[in-house]
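Numbering (numbering that gives the first Met the number 0), first residue to last: 0 to 144. Note that the Cβ used here is the ideal one computed from N, Cα and C, for glycine as well. These numbers were taken from a predicted model, which means no experiment stands behind them.
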Amino acid sequence: MSVNKVILVGNVGKDPEVRHLEGGATVARFSLATNETYTDKSGKKVTQTEWHNIVVWRGLADIAEKYVKAGKLLYVEGRIRSSSYEDKDGNKRYTTEILCDNFRFLGPNTSQGEKAPTYTEEKNENAVASDNEIAPPQPDDDLPF
């Protein structure tokens, strides 16, 4: 058994780039920044930022297109996918993405006492991606707990 699960809380780096594919599927991509602060040997506080490439499909992509904006604080759940490709000069490049299964807005934009909605990907086995995009594999949900 193996588990590929990622949970991130960070700020959206830029508004999503959205593509509507021929088969009717939508894909949105945006960056998410997470920060870690620590004290170095000299006692100085240092903040290190890690940038994550988030990919959202179908209905979640439609929601991201409307509501996800640069600077928003976001809770993201998903799984890691690494891939490689050749650039225009023939060099092999590698990329790591987070395939988002659900997200929730956090921070001061939610009304006091009001719980922020969570958006979850609806599984649609009949959705077809095209335009050189491959639909992400759907996880088996047969975990023993």
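Contact check, Ala27 vs Pro15, beta carbons under 7 angstroms: The sequence position of residue 27 within the sequence shown is 28, counting from 1. The sequence position of residue 15 within the sequence shown is 16, counting from 1. In contact: Ala27 and Pro15 (Cβ atoms closer than 7 angstroms).
Inter-stretch contact at 8 angstroms, needing at least 3 Cβ pairs: the stretch 35-53 / the stretch 91-98: These segments touch.
Ala32 in three-state terms, based on DSSP: Numbered from 1 along the sequence shown, position 33 holds the residue referred to as residue 32. The answer is strand: DSSP assigns Ala32 an E or B state.
Whole-number beta carbon distance between Leu31 and Gly12, since they are thought to touch under 8 angstroms: Taking the sequence shown and counting its residues from 1, the one referred to as residue 12 is at position 13. Taking the sequence shown and counting its residues from 1, the one referred to as residue 31 is at position 32. 6 angstroms between Cβ atoms; contact.
Contact the stretch 4-11 vs the stretch 69-76: 3+ CB pairs below 8 angstroms: Judged by Cβ distances under 8 angstroms, the stretch 4-11 makes contact with the stretch 69-76, as three or more pairs qualify.
Other residues of its chain near Pro143: CB distance less than 6 angstroms, five sequence neighbours each side excluded: Residue 143 sits at position 144 when you count from the first residue of the sequence shown. Because the pLDDT at Pro143 is just 48, under 50, the model does not fix this residue reliably, and the value given afterwards should be weighed accordingly. No residues qualify anywhere along the chain.
Burial state of Val2 (16 or more Cβ within 10 Å): If you number the sequence shown from 1, residue 2 lands on position 3. Val2 is exposed by the Cβ-count criterion.
Identity of the residue in Thr33, Ala60, Lys40, Ser41 nearest Gln47 by Cα: Translated into positions along the sequence shown, residue 47 becomes position 48. Checking every option, the nearest Cα to that of Gln47 belongs to Thr33.
For Arg80 and Leu105, believed in contact at Cβ under 8 angstroms, the rounded distance: Here the question's residue 105 lines up with position 106 in the sequence shown. Here the question's residue 80 lines up with position 81 in the sequence shown. Not really, about 24 angstroms apart at Cβ, beyond 8 angstroms.
Neighbourhood of Asp39 by C-beta distance below 6 angstroms, restricted to the same chain and skipping five residues each side: If you number the sequence shown from 1, residue 39 lands on position 40. Excluding residues within five positions, the ones whose Cβ falls inside 6 angstroms are Val45.
Limits of the unbroken alpha helix (DSSP H) element including Lys65: Indexing the sequence shown from 1 puts residue 65 at position 66. Here the alpha helix (DSSP H) through Lys65 covers 57-66.
Beta carbon of Glu64 nearer than 7 angstroms to that of Val17: What you label residue 64 is simply residue 65 of the sequence shown in a count that begins at 1. What you label residue 17 is simply residue 18 of the sequence shown in a count that begins at 1. Contact flag set, yes.
For Asp86, the three-state DSSP class (helix, strand or coil): Numbered from 1 along the sequence shown, position 87 holds the residue referred to as residue 86. Secondary structure at Asp86: coil, using DSSP grouped into helix, strand and coil.
Secondary structure of Val2, DSSP reduced to three states: Taking the sequence shown and counting its residues from 1, one reaches residue 2 at position 3. Coil at Val2, not helix or strand.
Member of Trp56, Val67, Glu21 whose CA lies at the smallest distance from the CA of Arg103: As a position in the sequence shown, residue 103 is number 104, starting the count at 1. Cα-wise, what sits closest to Arg103 is Val67.
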